Amino acid sequence: MSDFPTSKKRKRISDFFMPRPQPTSSNQEAKIENGQIQDPNPDLSLLITTVSKVSQHGERATSVPGLTIIPNFITREEEEALLNFLEDAERCTWRTDLSRKCMHFGGTYCLFTPSPRPTNPQQCKPNPTALTNPSPTSAPPKPTLHTAPPIPREFSPLLSRFTAQSIFPPGKAPQYCIVNSYTDAQGISAHVENYAFGEPVVAVSLRGGVSMRFHELAPAPAGEARVEKSVRMDASVRSGKAAKVPRTGKVRDVWVPARSCVVMRRESRWRWQHEILRTSAGRGVGWRRVSLTFRWKDEGGNDG
Numbered sequence: 001m002s003d004f005p006t007s008k009k010r011k012r013i014s015d016f017f018m019p020r021p022q023p024t025s026s027n028q029e030a031k032i033e034n035g036q037i038q039d040p041n042p043d044l045s046l047l048i049t050t051v052s053k054v055s056q057h058g059e060r061a062t063s064v065p066g067l068t069i070i071p072n073f074i075t076r077e078e079e080e081a082l083l084n085f086l087e088d089a090e091r092c093t094w095r096t097d098l099s100r101k102c103m104h105f106g107g108t109y110c111l112f113t114p115s116p117r118p119t120n121p122q123q124c125k126p127n128p129t130a131l132t133n134p135s136p137t138s139a140p141p142k143p144t145l146h147t148a149p150p151i152p153r154e155f156s157p158l159l160s161r162f163t164a165q166s167i168f169p170p171g172k173a174p175q176y177c178i179v180n181s182y183t184d185a186q187g188i189s190a191h192v193e194n195y196a197f198g199e200p201v202v203a204v205s206l207r208g209g210v211s212m213r214f215h216e217l218a219p220a221p222a223g224e225a226r227v228e229k230s231v232r233m234d235a236s237v238r239s240g241k242a243a244k245v246p247r248t249g250k251v252r253d254v255w256v257p258a259r260s261c262v263v264m265r266r267e268s269r270w271r272w273q274h275e276i277l278r279t280s281a282g283r284g285v286g287w288r289r290v291s292l293t294f295r296w297k298d299e300g301g302n303d304g
């Protein structure tokens, strides 16, 4: 039986985002008690982060510097309304050429097939000639420009909540959103969000909870700014070298409950890679997680 109230009157997505009291500690996917977010699957050999602080808006600090989680950021009804919108084929189109489904909103993106990948970020610069005169089919795959639709009005209540809770800096509303859908044993490799974007990077989780793994990046030698820049680029997805970037060996696994909001600031944004392991352990039959990741930047350009 459905957990959601039924009504003959069709509701708009904004109806689900009415002002409500601060979230409570109740959550079926993760128990939050005594200052801890506990993995509901204790058999997993994962280090689940101990929460140390709680802000006035419910942001809970973790053992990854600058990383906070807001449990119960949205309600079950809000979650269902967002999923219904994303699954509406007349309004949304999933990209299916990756191992997971995804879709983009906002701005222009530089997309390319997973293999081979360009190693020079300059390859993603707009090329009007290439758009009007595509290369022959025999040529190797090249990055292509994709203009995504604007962030839909169905996300406006989320943006308003970001503003009400001061999650983004004043005047820095998110301009871009990438939606990823994970099922079964799907995941994503360790990476840092493209450095063209600012902080914070914010992700809202729908459906299943998941453990997100963080890797601390090794600092560049003192005085070697050029090396530091190289490390930063290597840690991002676009470089194609994220797996080989120097790390300190420090790893933290953080449980991300369903309907929560993950906020990456400071070190967690710039100095730690994050990934979702490709494993079905503890996920159960029919497991699925959908994430909405919001980002912003000062100047126009391409996403990676």
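Using the UniProt record's numbering, the first residue of the sequence shown is number 1, and each one after it goes up by one.
Just so you know, even glycine gets a beta-carbon here, dropped at the ideal spot from N, CA and C.
The structure displayed is predicted, hence computed values, not measured ones.
As assigned by DSSP and simplified to three states, the class of residue i
i, result
"Arg289", "strand"
"Cys102", "strand"
"Ile37", "Since pLDDT at Ile37 reaches only 42, below the 50 mark, its modelled position is unreliable, and no value is offered."
"Phe162", "helix"
"Ala89", "coil"
"Lys297", "coil"
"Pro157", "helix"
"Asp43", "Caution applies to Asp43, whose pLDDT of 36 falls short of 50 and renders its modelled position unreliable; the model cannot decide the point."
C-alpha distance - residue i paired with residue j, whole-angstrom precision
i, j, result
"Pro157", "Tyr195", "27 Å"
"Ile48", "Tyr176", "With a pLDDT of 35 at Ile48, under the threshold of 50, the predicted position of this residue should be treated as unreliable, though the coordinate-derived value follows. Whole-angstrom Cα-Cα distance: 30 Å."
"Thr108", "Cys102", "15 Å"
"Glu154", "Leu82", "8 Å"
"Ala218", "Arg247", "4 Å"
"Thr293", "Val202", "6 Å"
"Lys297", "Trp270", "14 Å"
"Ser160", "Pro174", "11 Å"
"Pro152", "His104", "11 Å"
"Arg259", "Ile69", "11 Å"
"Cys261", "Arg76", "14 Å"
"residue 305", "Val245", "This structure gives no information on residue 305, because the portion of the chain shown stretches from 1 to 304."
"Pro150", "Val285", "34 Å"
"Asp97", "Ala61", "36 Å"
"Pro65", "Glu267", "6 Å"
"Glu59", "Asn72", "11 Å"
"Ala89", "Thr147", "18 Å"
Residue(s) in a DSSP beta bridge with residue i
i, result
"Glu216", "Trp272"
"Leu67", "Met264"
"Ala61", "Thr68"
"Val210", "Val256"
"Val251", "His215"
"Arg76", "DSSP, once it has assigned bridges, lists no residue as partnering Arg76."
"Arg95", "Cys102"
*asked:* Could you tell me which whole beta strand (DSSP E) segments of length 3 or greater appear in the segment 170-204?
replied: 176-183, 188-191
*Contact between the segment 160-177 and the segment 247-254: three or more CB pairs below 8 Å?*
no
_Contact between the segment 168-188 and the segment 275-291 (3+ Cβ pairs under 8 Å)_ = yes
*asked:* Extract the residue ranges of the beta strand (DSSP E) inside the segment 254-290, only unbroken runs of 3 or more that lie entirely within it.
replied: 261-264, 272-276
*May I ask you to verify whether the segment 197-209 touches the segment 284-296, counting CB pairs closer than 8 Å and requiring at least 3?*
yes
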